[in-house]
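J.: Take this structure, written in structure tokens, and hold onto it; I'll ask about it next.
Residue numbers (the numbering used here): 195 to 642.
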């Protein structure tokens, strides 16, 4: 019986692209999750302003306790969402930051300079605008609220423009938002910590040292990082530093080293295709899948497995628990310098800061604009960066323990996010060139 022809081995460049370039998949995931986020936020807002609003707020306050023996931990359901589930979200953020800094769009100053400068402007200017409206305590504590950008919402809006958006502009927005997330993490860690307990903080860092050692010496099991992470999360929670910081620190311990390099992968696939035993097709396919799976680093595997759960479960749940703002008597009590500062910081500060800092950096030679990014594109991305939502709501919950001030900050964030999304979409729709149909070919006159 004649042997079936051997399948060709993919070229090395294709293998490397499949293994080391998750940007496109990440953009698609985040864009789709934005739709789910919008739905969750709308349900919460509508419920909080319906005749059944009391049931919504009662759900937030349901006490949930876990314990064993004489130990127990009890918190309202809202705080379990904001402290534990958001720690998982921050863990994914940490994985993204580490990957982008080591092998992605933030690897090296020539790549990182543009989003770093843009993100810096997009954090400084909104904070200054907020402080201009709220210069004194306790309202000034919300200066970090308009600094954040919601990746899912921003990429979701950008996806509505389809092929009109260049890949370089999408990558710039993605890198900008990741640097923005890093800035938000630092702000939370440095400025929104409460009464510190040095003993618990030391214990959390000792646990983290164990995680670093486990990753450094080749450990890559997700369940091991989960167990270590839970222990570190508890100690961080008790230390006074917000527990979500544990997620970012734990992500830094996950190794990015590939267990099978591109050359070794190429050799294994060639060896497989030269065996000549292709009768057992399913077995061969399973072996190929196993080889490809081993080629991914632990960081890639964990990030790939966690991203859908974070995008389609954790973030929508957070949105549902935090977007329910009751308007009351026509919402007049929600209009204050806090809400105005958050609104103006996001809607005006973001585009001014992002575009202004980038243009200044380009003029001074600090960085340069890559092909596919124009000044109009920068302004449009700056508008979309004003969609604070998830991170802005989260920082607001840390800045304002007072329920009234928190509701005012939330109203400013929600209104700014909606207006920024619509304004960014409309601006980019007019500013970006329409793609030329494939059937249209430039004439000789056009070429001249």
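Where a beta carbon is used, it is the ideal one built from N, C-alpha and C, also for glycine.
1) Quick one, which of 292, 246, 308 and 283 has its alpha-carbon nearest residue 572's?
2) List in chain order: all unbroken beta strand (DSSP E) runs of 3+ residues lying wholly within the segment 570-623.
3) Please classify residue 599 as buried or exposed, where buried requires at least 16 other C-beta atoms within 10 Å of its C-beta.
4) Could you tell me whether the Cβ atoms of residue 421 and residue 292 are closer together than 8 angstroms?
5) Please classify residue 202: is it buried, with 16 or more other beta-carbons within 10 angstroms of its beta-carbon, or exposed?
6) Run the CB neighbour count on residue 503, radius 10 Å, all protein chains shown included, and call it buried at 16 or more, exposed below.
7) Let's see if you can read the secondary structure: which residues bound the alpha helix (DSSP H) around residue 248?
8) Taking the alpha-carbon positions, what's the residue 373 to residue 263 distance?
9) Output the boundary residues of the beta strand (DSSP E) element that contains residue 307.
10) Using DSSP with H/G/I as helix, E/B as strand and the rest coil, what is residue 566?
11) With the cut-off set at 8 angstroms, would you say residue 607 and residue 582 are in Cβ contact?
12) Looking only at its own chain, which residues have a Cβ that is under 7 angstroms from the Cβ of residue 367, when we skip the five neighbours before and after it?
13) Taking three-plus beta-carbon pairs below 8 angstroms as touching, is the segment 533-545 in contact with the segment 247-262?
14) Among residues of its own chain, excluding the 5 on either side of residue 237, which ones have a beta-carbon nearer than 7 angstroms to its beta-carbon?
15) Taking Cβ positions, are residue 593 and residue 335 nearer each other than 8 angstroms?
16) Under DSSP, the beta strand (DSSP E) around residue 268 begins and ends at which residues?
17) Among 450, 398, 528 and 370, whose alpha-carbon lies nearest the alpha-carbon of residue 428?
18) With a cut-off of 8 angstroms on the beta carbons, I'd call residue 585 and residue 375 a contact; round off their distance for me.
19) According to the Cβ coordinates, are residue 509 and residue 313 closer than 8 angstroms?
20) Please determine, among 425, 559 and 363, the residue with the shortest C-alpha to C-alpha distance to residue 626.
21) By a C-beta neighbour count over all protein chains shown, 10 Å radius and 16 as the cutoff for buried, is residue 558 buried or exposed?
22) Consult DSSP for residue 258 and reduce its assignment to one of helix, strand or coil.
23) Given residue 377, which residues of its chain have a CB within under 6 angstroms of its CB, disregarding the five upstream and five downstream residues?
T.: On the basis of the supplied data:
1) Within the chain shown, numbered from 1, the residue matching residue 572 stands at position 378. Selected option, being the one with the closest Cα: 308.
2) none
3) Sequence index remark: in the chain shown, residue 599 carries index 405 (1-based). Result: buried.
4) Residue mapping note: residue 421 aligns to position 227 of the chain shown, counting from 1. Residue mapping note: residue 292 aligns to position 98 of the chain shown, counting from 1. Taking 8 angstroms as the Cβ cut-off, residue 421 and residue 292 do not qualify as a contacting pair.
5) If you number the chain shown from 1, residue 202 lands on position 8. The predicted position of residue 202 is uncertain, since its pLDDT is 48 and thus under 50; a value taken from the coordinates is nonetheless stated next. Label assigned to residue 202: exposed.
6) As a first step, residue 503 is located in the chain shown; it is residue number 309 there, counting from the start. That one is exposed.
7) Your numbering for residue 248 matches position 54 in the chain shown. Counting along the chain, the alpha helix (DSSP H) containing residue 248 begins and ends at 247-254.
8) Taking the chain shown and counting its residues from 1, one reaches residue 373 at position 179. Taking the chain shown and counting its residues from 1, one reaches residue 263 at position 69. So the alpha carbons of these two residues sit roughly 43 angstroms apart.
9) Your numbering for residue 307 matches position 113 in the chain shown. It is not in any beta strand (DSSP E) - residue 307 instead sits in the alpha helix (DSSP H) that spans 303-327.
10) The residue you call residue 566 lines up with position 372 of the chain shown. It is coil, neither helix nor strand.
11) For the purposes of this step, residue 607 is taken as residue 413 along the chain shown, with counting starting at 1. For the purposes of this step, residue 582 is taken as residue 388 along the chain shown, with counting starting at 1. Yes, the Cβ-Cβ distance between residue 607 and residue 582 is below 8 angstroms.
12) If you number the chain shown from 1, residue 367 lands on position 173. The residues are 348, 349, 352, 575 and 578.
13) no
14) For the purposes of this step, residue 237 is taken as residue 43 along the chain shown, with counting starting at 1. For residue 237, where only same-chain residues beyond five positions count, the Cβ hits under 7 angstroms are 514.
15) Position 399 of the chain shown, counted from the first residue, corresponds to residue 593. Position 141 of the chain shown, counted from the first residue, corresponds to residue 335. Closer than 8 angstroms, so yes.
16) The residue you call residue 268 lines up with position 74 of the chain shown. Residue 268 -> beta strand (DSSP E) spans 265-270.
17) Here residue 428 refers to the residue found at position 234 of the chain shown. Checked all of 450, 398, 528 and 370; the closest Cα to residue 428 is 398.
18) Your numbering for residue 585 matches position 391 in the chain shown. Your numbering for residue 375 matches position 181 in the chain shown. Right, their Cβ atoms sit about 7 angstroms apart.
19) As a position in the chain shown, residue 509 is number 315, starting the count at 1. As a position in the chain shown, residue 313 is number 119, starting the count at 1. Against a cut-off of 8 angstroms, the Cβ pair of residue 313 and residue 509 comes out as no contact.
20) If you number the chain shown from 1, residue 626 lands on position 432. Nearest of 425, 559 and 363 to residue 626, Cα basis: 363.
21) On the chain shown, residue 558 is found 364 positions in, with the first residue counted as 1. By the 10 Å Cβ count, residue 558 comes out exposed.
22) Mapped onto the chain shown, residue 258 falls at position 64. If DSSP states are grouped into helix, strand and coil, residue 258 belongs with the strands.
23) Here residue 377 refers to the residue found at position 183 of the chain shown. Correct list, in chain order: 317.
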